[in-house]
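Asker: The letter at position 166 of the sequence shown is residue 170 when you use our numbering, and the numbering goes up by one with no holes. Note that beta-carbon positions come from the ideal geometry of N, C-alpha and C, so glycine has one too. Questions regarding the structure given below will be posed in turn.
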Amino acid sequence: MALALVLPLTAVSPAAAAPGGAADVVELSSLPAAAAGESVTLVTGDQVRLAPTGSDRWVAAVEPAPRAGQPPEFEVIEDGEDVYVLPSDAAPLIPDQLDRELFNLTKLTEFGYTDGVPVIVTGVPGGEPARAAAAQPDGLSVTAGLPSVDGYAATVAPGGDWWSTVAPAAAAGTARSLAALAGAEKVWLDEIAEVALDESVPMIGAPQAWADGYDGAGVTVAVLDTGIDQTHPDLAGQVAGTRNFTSEPGISDGHGHGTHVAGTVAGTGNGSDGRYTGVAPGADLLIGKICTASGTCPNSATIAGMEWAAAQADVVSISIGSRTGDDGTGVTAQAVNRLTEQHDTLFVIAAANNGARGAGGIGTPGSADAALTVGAVDKNGDLASFSSRGPRLGDFAIKPDITAPGVGIVAPRAAGTSMGTPVDDRYTAANGTSMATPHVAGAAAIALQRSPDLGAAELKADLVTTAAPNPELSVYQQGGGLADIPAALDAPVRATPAPLNLGFFRYPHDQAAPVSEQVTYTNRTDAEVTLDLTLGVTAGDGTAVPAAALSASPTTLTVPAGGTATATVTLDPRGLATGSYGGYLVADAGSAGGAVRTPVGFHLEQEMYDVTINGIARDGRPAARRSSSVHVRHAVDPLVFSANSIGFDDGVASFRVPPGPYFVMGRIGTLDGNDVTRQDRAFVGVPTLEVTQDTSVTLDAREANEITFDTPAHPDAAPFGQSRVIFNFEAETSHGITATYLGEWMPTFALETGPVTVGSGFEFLTNARLGDPPLTLEVVAPVATGLAPQPLRGTPPLDDDLALPLAFAGPGAESDYDGIDVTGKAVLTERDGPALADKEATARAHGAAALLVMNNATGFFTGSVGDAAGIPAMAISGQEGAMLRDLLADGEVTVRVAGTSFSPYLYDLFLSEPGRIPGELHYRVEPDELATLDNSFYSEPGQLLGEYRSAWRPYMTFAAVQYSELPGGVRRTEYVTADDTLFRQNVSAQFTTRGDLLERDTFHQPGEHQQREWFKAPMRPSVLEAFPPRNPGEPVVRTGSQMRVVLPEWWDNDGHYGSFDSVIDDAGFRFYQDGRLIGQASRPRVTISNLAPEPHTYRFEVDTARTADWWPTSTATRTAWTVRSAQPPTGETEVLPFLLVDYDTELDLTNTAPHPRDRNGPATVDLQVRHQVGADAPALGRATVAISYDDGDTWQQRPVVGLGDGHYRAFLDSKDPAETTGFLSIRIEVRDVDGNSIEQEITRAWRLGGR
C-alpha cells in the first residue's frame, strides 16, 4: 500500500561548483509519509487508520462509528494482497445486498476512497438522479442516474449517517436491511478499472478494405477512454461529439491512452504521411471521457459513458478492464448486456491484461455475454503474454471472442503526455489489449459500412466467424482468432450465434442429458450456397471429441440465395473426461467464397463435491449470519478453492469444492432471544477435512471450551475492553490467511482440534486485557451469587463498593414508582417501556442509587442512558432478571455494586497456541513470566488519551487493533506477554487519532522491568536511530553524493516518536551548504542529491508548531543541526554525526514544574547529549542553555556544568519572575570538537506550577 509519490521539492539555488567548474544543482525530493498513514472510512462510518511501521509491517487501527445498539465486532482478514474489515452488523447483508468489496481496505486505499466511498446502487427502476436523491437518507449524495442497471451513482459521506439510517436497528432488534434505499437491491463499490500501427493495421487487412472503398465512412464509433487531443493532425475533423464523465475539467487527454486508442480506430495518418493511419479513417468519432489523467476509470463513469454512447453510436470501443477475472455478472457487464439489447449497439471491449494470472482472467466489462471481447497478439500472431485468457469465470464460457494486434502499436501521442514508448512528438508505441480493441472497433465500422443493416449480434458474428485462428492457440485464448476484415466483408454466409457455448455440466456428468443447439447460416449472396460442415473440438490435452459424443448435422447444408438454413450441434457429455473442450464448427463454401468458423466450447465440471457446514450456537439454535461465519480453504493451494467469512443461513453454509484436504474454521456466536445482541463467540473448526465425496460437517459451539484466566497476583482481575482472537493458517504452496476478530471482550470458547497436519502452519491466538473491572454486580442476600452486568453506555464511572437493597419498578415509568420507596436502593426494571435514558432519570429522581435493566428475552442486551446519567446503570440478562424477581417475591434482596473507573494495572496477554487448539484453555499467569512496564502517561488534566498495543507473530505483516480509552495524567503497571511476539505500543494525545506517539518495535523478555514515560515534556524533533536487525530505524545517512534525511517532528524523553499531522501541525525544513540556502521542503523527510564530494558544512533546520487546545506545551520548536560531511568511499554509507539531546527536569504528570517553594534544592534541567548511533562521535564541547518566561521575547542565559559522558546540568532560577506566561521556554546549543552542533529552541517547553 503506497502512501505517497516521490515528488520533487524546491531547490532554491545551485550547490557549489563541482571540481572542474561543473555546477550540478543540488536536488531535494520528498520521501513517502511515515507513521501518519491513511485513514479510510467504511460505508458503515467506521474509520480504519492505516499506518506502516517502516519494517514491512502494517497497523490497521479501527475506530467504530457510534451505534444505537451493541458496538460491532470486526473481522479483519488478510488474504494475500487483500485486507478486508467486515463489521458484524454489515455481515448479514454481504454479499447479496452489500458488495463485499466495500470493505476491501486494499482497494479503498488504492482507489483513493479515503474520505467518502463512491458506490453504485442498483435495483431502483428508472434510476433518475432527482427522484433517487429525494428518496435517500442523509449521508448519501447521488451523482448520476444509471438506468441501464436500474440504479444510480452516489457517494456515501464519512460521517456514518447513511448507515444509521439505511440499516436501522429497531428497538425490538430487527435485523438490518436496505429497506430505506427505496427498494434498492444492492449497493456496489464503484470500482475503478484501468486503461489496459504501421504493421498492425495491414495485419487485419484494413488496406485491402480501403482499396475496395470501405474505410468506415458513415459509421459512428464511440471511444470511451481518457479523452482526446483534438489538436493532433491525425484527429482533426474526426470528432463528431464529446462528453466528459469524470471530475476533471474538459475532454482533453492528460494520460495519452484515449488519444492513442482513438487514433487506432479512425486516425487519418496526416501527421505521418499516412504511415500511422487508423483502421477506419472514414469513421466519425464520439469521445466519452470516462477515465482520469491517471488512467483510472470508475465504474459509474463507465456505465454513464456507455449509456450516452449506446444511444448515438453504431459501435462503442472500450479499452479498459478489471485487474481480476469476472463471471459476467458484475455491474458494468450487466450494463453492457442491457444496453446492447436496448440499442442494438455493438460493444467492443478489451479482455484486460491479466494474462499472468492464467485461465479465468477475463475482466469486466469485457466479460459481458454481449461484448465482442478482444485479446491481443503480437505481430507474429502469437498470443501476447499479458492478454487475458478464458474461459470466463463461473460458467467457463468462451472468452475472448477475437484477437487483434496489441504489441508495439504506434498511434497518436497526446500533447504533453508520455504514455508508452514515444516514437516522436506525435506518436507513441504501446502494448495491451487496450491497443487490440480499437483495431476490432475499426474493423466493425468497416463491416457496418459494408452492411449497414446489421444488428449487434450479427456484426459480432461476422467478425468472429471470419477471423483467422492460430492453430497453436485454443478458443479460450483467441476466440475466433485474428480479425480479418476482407474475410468479414467477403464471406458468402453469416453464422449465428458466435461463439457457440454448449453449456456447463455439473459433476458427476454420467447422468447428464444430451443438449442440442442450432447454428443459423444466412446467405449474403444472390446465389445458392452449399456448405460442408466439419466439427473439430478437442479436450485441453488435444484429444479429439469422438463423433458419438459431439456431432453436427447435416454435414452438407444448402443455403438458398438471400435465405437461411440451420445446422444442429448435439452433445452427449456422458463418458467424456472432465475439463474444458473447444474447437470450431467450420462451414466451407468451397468455390463460393471460403469458410466461416464458429467457435464451439463446453465444460465438464471437474470432480467436485458439495460440502455442507452446519453451525450450532451454544444455546442450541442454528448459527445466524449476524454472529457467525466460516472459512473454507484448500490446505495445499488456496488458488484451488478459498472462501472467506461466509455467513450461515439458518445454520447452514454450503460450498462446492474439488476433492482434497481442506481447512475449515468457524466463528459461531450466540445471540440474545431477540436475535440482536451477541452473547459469546466460539471458534470451532475441522482443520483437517479430507473431501472425497459429498460431505456434511457440524460445527457445534456447545462442545467448545471456555478461555479463562487466573492472575494470582491480582485475583480480582477480569477481561474487559478491547480484545482480539486470531487464527492463522498457512497453505503448503501459496499464501496463508490471518483472520482477526476485533472488539470488546465477551465470553470466548474454542474447540480442541488435535494437531493440525495439513498446510504448513497453524496458530490460534487470544489477546485479552485484564484489570480491575469497571463494574461488578452480585447478590449477597438472601443467597450469594455472581451476575454478569453490562454497563450501559453513558453510565458514570463508579469508584465505590455499595451494598444496596433491591427494589422492582416494572417498566420503570413514573407511575411504576407509586407506593414504593427506592431511596438508596438498586432498582430493577424491565427493558420494555420508557427509553433507557428516561428509566435512569426517573430512578435517579426517586433517589435510587443504581439501575438494573433486565432484557425482555434470554441473554443480555446493550444500550445507552445518554450523557446526563448520574447513577450506575447496567443491563442484565432476562434469566438473571427473572431470578432477581423470584428472590424479591420471597422477601428482601441485597445486591453489591462495585466499580473501578481506572485500573492501576493491566495484563495485556497474547496467548498463542501453535499447531493446534488444546483442550485446556485456562491460562494461569504470574508477573515474573511477563514483562513489567511501569508506564506514566503525561497529559493535560481531564484529557482522554487513546492507546493500543500492536502485536505481530512471526507470520504476520498486518496487525488489527482498536484504541482503548485511557485517562491522562496516570500511572499504570502493565504486564505483557514475553515470547517471540513483536510489540509496538501506540498512545495518542487525544482519543483516538490525534498526536500519536509510538514506541520502537520490541520483543519482551520474561521478568524484564521497564520504567516508561509517555508525552513527558519537552517534545521536539529528533532522529529515529537504527538498532538493527529489529529496528532498522531511519537514521540520517549519506551514500555517495546523496543524503537521506528523516527527522520525526515529535519526540518525547523516552524515545517515543510521532510524525506530522496535517490537521494540527505546521512544519518546515531548510537545507544549507556553507551558510548558503540550497533548498527547502514542507517536511523534514527528503533525499538530497548531487552533493559535492569534498568536505562541506551542512545545516539542517526544522521548524514545527502544533495548535490544539489539548497540546499546551512544546507548542513550537526550532532545531538546527550542523555537520561536516564529505563523500564516503564508494559503496559505503556514512551515518552523519547528528547530535541528539534528551531533557530531564522535575515535572508532575501534567508536565508542570513544582513551585519554587515546593522544590527540594535548586531548579535544574539535565541534558544528555550524544551522537546518533552508528556515527563517529568526536568529543563534546561546552553546552549553553537559555530560558524565557515570555514565549521567547526575551532570553536569560543560565549556568551549565558538565558532568561527563555527555551529561550537562543547567541551573534555573531559584525564584520565578512575577510576570510569566505560565510556561518556561528553553534554548540550548551543544557542539563537538569537529564543529558538529545542535541548536534547539522549544516554546512553552513545560508549565510553571503554583502561579
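1. For Thr-48, count the other beta carbons within 10 Å of its own beta carbon; 16 or more makes it buried, fewer makes it exposed. Which is it?
2. Between which two residues does the alpha helix (DSSP H) harbouring Val-760 extend?
3. Rounded to whole angstroms, what is the Cα-Cα separation between Ala-174 and Tyr-821?
4. Quick check on the burial criterion: 16 or more other C-beta atoms within 10 angstroms. Buried or exposed for Phe-1007?
5. The beta strand (DSSP E) spanning Lys-111 covers which residue range?
6. From Tyr-156 to Tyr-88, what distance separates their C-alpha atoms?
7. Tell whether a beta-carbon distance below 8 Å holds between Gln-1131 and Ser-1066.
8. Thinking Ala-964 and Ala-64 are a contact (beta carbons under 8 Å), I'd like their distance in whole angstroms, please.
9. Hey, Tyr-967 and Phe-995 are a contact pair by Cβ (cut 8 Å); roughly how many whole angstroms apart?
10. Anyone know if the C-beta pair for Leu-578 and His-513 falls short of 8 Å?
11. Rounded to the nearest angstrom, what separates Asp-1170 and Tyr-1212 at their Cα positions?
12. Does the distance from the CB of Leu-109 to the CB of Val-52 come in under 8 Å?
13. With a 10 Å radius around its C-beta and 16 neighbouring C-beta atoms as the bar for buried, classify Leu-1081 as buried or exposed.
14. Quick check on this structure: which residue in Val-1049, Leu-1028, Ala-419 has the alpha carbon closest to the alpha carbon of Ile-232?
15. Rounded to whole angstroms, what's the CA-CA distance from Trp-192 to Asn-527? Just pull it up for me.
16. Any idea what DSSP makes of Tyr-967, helix, strand or coil?
17. Straight-line CA distance for Gly-177 to Ala-708?
18. Starting from Leu-575, trace the beta strand (DSSP E) in both directions and tell me its first and last residue.
19. So, does the region 1131-1144 touch the region 1035-1053, judging by three or more C-beta pairs under 8 Å?
20. Excluding sequence positions up to five away, which residues of its chain have a Cβ less than 8 Å from the Cβ of Asp-165?
21. Roughly how many angstroms separate the alpha carbons of Tyr-775 and Gln-947, rounded to a whole number?
22. Quick one: grab the DSSP three-state call for His-635.
23. Taking 7 Å as the cut-off, is the CB of Asn-648 close to at least one heavy atom of the ligand FMN?
24. If we ignore side chains and look at the alpha-carbon of each, how far apart do Ser-907 and Ser-954 end up?
25. Could you tell me the alpha carbon to alpha carbon distance between Val-427 and Thr-1247, rounded to whole angstroms?
26. Candidates Phe-733, Thr-602, Val-411, Glu-917: which alpha carbon is nearest Leu-769's?
27. Take every Cβ of the region 315-324, pair it with every Cβ of the region 352-363, and state whether three or more of those distances are shorter than 8 Å.
28. Tell me which residues share the same chain as Ser-298 and place their Cβ nearer than 8 Å to its Cβ, disregarding the 5 neighbours each side in the sequence.
29. Quick one: give me the first and last residue of the alpha helix (DSSP H) that Ser-168 is part of.
30. Express the C-alpha separation of Ile-208 and Ile-450 in angstroms, rounding to a whole number.
31. Could you check how far apart the C-beta atoms of Gly-436 and Ser-389 are, in whole angstroms? I think they sit under 8 Å.
32. Considering only C-alpha positions, which residue in the set Gly-278, Val-901, Phe-864, Val-760 is nearest to Gly-828?
33. For Gly-262, which of helix, strand or coil comes out of DSSP?
34. Using the beta-carbon count (16 or more within 10 Å), is Ser-168 buried or exposed?
35. Are three or more beta carbon pairs between the region 330-348 and the region 372-380 nearer than 8 Å?
36. Output needed for Leu-1153: all residues of its chain with C-beta closer than 6 Å, excluding positions within five of it in sequence on either side, in chain order.
Answerer: By the coordinates alone:
1. For the purposes of this step, residue 48 is identified with residue 44 of the sequence shown, where counting begins at 1. Taking a 10 Å sphere around the C-beta of Thr-48, we find 16 or more other C-beta atoms and assign the residue as buried.
2. If you number the sequence shown from 1, residue 760 lands on position 756. Careful: Val-760 lies outside any alpha helix (DSSP H) and carries neither H nor E.
3. As a position in the sequence shown, residue 174 is number 170, starting the count at 1. As a position in the sequence shown, residue 821 is number 817, starting the count at 1. For Ala-174, the predicted structure reports a pLDDT of 29, less than 50, and the residue's modelled location is therefore unreliable. The matter cannot be settled from this model.
4. In the sequence shown, counting from the first residue as 1, residue 1007 sits at position 1003. That one is exposed.
5. Against the sequence shown, residue 111 aligns to sequence position 107. Element bounds for Lys-111: not the beta strand (DSSP E) but the alpha helix (DSSP H), 109-114.
6. Within the sequence shown, numbered from 1, the residue matching residue 156 stands at position 152. Within the sequence shown, numbered from 1, the residue matching residue 88 stands at position 84. Computed Cα separation, rounded: 25 Å.
7. One-based indexing of the sequence shown puts residue 1131 at position 1127. One-based indexing of the sequence shown puts residue 1066 at position 1062. Cβ distance not < 8 Å, so Gln-1131 and Ser-1066 don't count as in contact.
8. Counting from 1 along the sequence shown, the entry for residue 964 is found at position 960. Counting from 1 along the sequence shown, the entry for residue 64 is found at position 60. Indeed, because the Cβ distance is near 5 Å, the residues count as touching under 8 Å.
9. The residue labelled residue 967 in the question sits at position 963 within the sequence shown. The residue labelled residue 995 in the question sits at position 991 within the sequence shown. Correct: roughly 6 Å between the Cβ atoms.
10. Counting from 1 along the sequence shown, the entry for residue 578 is found at position 574. Counting from 1 along the sequence shown, the entry for residue 513 is found at position 509. Just to set this straight, residue 578 is Arg in the shown sequence, not Leu. Yes, the Cβ-Cβ distance between Arg-578 and His-513 is below 8 Å.
11. In the sequence shown, counting from the first residue as 1, residue 1170 sits at position 1166. In the sequence shown, counting from the first residue as 1, residue 1212 sits at position 1208. Those two C-alpha atoms are separated by around 6 Å.
12. Here residue 109 is taken as the residue at index 105 of the sequence shown, counted from 1. Here residue 52 is taken as the residue at index 48 of the sequence shown, counted from 1. Against a cut-off of 8 Å, the Cβ pair of Val-52 and Leu-109 comes out as a contact.
13. Looking up residue 1081 in the sequence shown gives position 1077. Answer is exposed; the Cβ neighbour count stays below 16.
14. For the purposes of this step, residue 232 is identified with residue 228 of the sequence shown, where counting begins at 1. For Ile-232, the nearest C-alpha among the options comes from Ala-419.
15. As a working mapping, residue 192 is identified with position 188 in the sequence shown. As a working mapping, residue 527 is identified with position 523 in the sequence shown. Distance between the alpha carbons of Trp-192 and Asn-527: 45 Å.
16. Walking along the sequence shown from the start, residue 967 turns up at place 963. Coil at Tyr-967, not helix or strand.
17. In the sequence shown, counting from the first residue as 1, residue 177 sits at position 173. In the sequence shown, counting from the first residue as 1, residue 708 sits at position 704. Note that Gly-177 has pLDDT 35, beneath the 50 cutoff, so the model's placement of it is unreliable and the number below is only indicative. The alpha-carbon atoms of Gly-177 and Ala-708 are separated by roughly 27 Å.
18. Locating residue 575 in the sequence shown gives position 571, where the first residue counts as 1. Residues 568-575.
19. yes
20. The residue labelled residue 165 in the question sits at position 161 within the sequence shown. Excluding residues within five positions, the ones whose Cβ falls inside 8 Å are Gly-49, Pro-141, Asp-142, Gly-143.
21. Reading the sequence shown from its first residue, position 771 is the one you call residue 775. Reading the sequence shown from its first residue, position 943 is the one you call residue 947. Note that residue 775 is Gly in the sequence shown, not Tyr. Near 21 Å, if we compare the C-alpha coordinates of Gln-947 and Gly-775.
22. Residue mapping note: residue 635 aligns to position 631 of the sequence shown, counting from 1. It is a strand residue.
23. Here there are no bound small molecules, and the ligand FMN is not part of this structure.
24. Position 903 of the sequence shown holds residue 907. Position 950 of the sequence shown holds residue 954. One C-alpha to the other measures close to 21 Å.
25. Position 423 of the sequence shown, counted from the first residue, corresponds to residue 427. Position 1243 of the sequence shown, counted from the first residue, corresponds to residue 1247. Near 58 Å, if we compare the C-alpha coordinates of Thr-1247 and Val-427.
26. Along the sequence shown, one-based indexing puts residue 769 at 765. The shortest C-alpha separation from Leu-769 is found at Glu-917.
27. yes
28. Sequence index remark: in the sequence shown, residue 298 carries index 294 (1-based). The residues are His-259.
29. To locate residue 168, count along the sequence shown from 1; it is residue 164. 165-170 is the extent of the alpha helix (DSSP H) around Ser-168.
30. As a working mapping, residue 450 is identified with position 446 in the sequence shown. As a working mapping, residue 208 is identified with position 204 in the sequence shown. Approximately 12 Å between the Cα atoms of the pair.
31. What you label residue 436 is simply residue 432 of the sequence shown in a count that begins at 1. What you label residue 389 is simply residue 385 of the sequence shown in a count that begins at 1. Wrong, their Cβ atoms sit about 11 Å apart, outside the cutoff.
32. One-based indexing of the sequence shown puts residue 828 at position 824. Of the candidates Gly-278, Val-901, Phe-864, Val-760, the one whose C-alpha sits nearest the C-alpha of Gly-828 is Val-901.
33. On the sequence shown, residue 262 is found 258 positions in, with the first residue counted as 1. In this structure, Gly-262 counts as helix in the three-state DSSP scheme.
34. Stepping through the sequence shown from its first residue, residue 168 is reached at position 164. With at least 16 other beta carbons inside 10 angstroms of its own, Ser-168 counts as buried.
35. yes
36. Indexing the sequence shown from 1 puts residue 1153 at position 1149. So the qualifying residues of the chain are Tyr-942, Gly-973.
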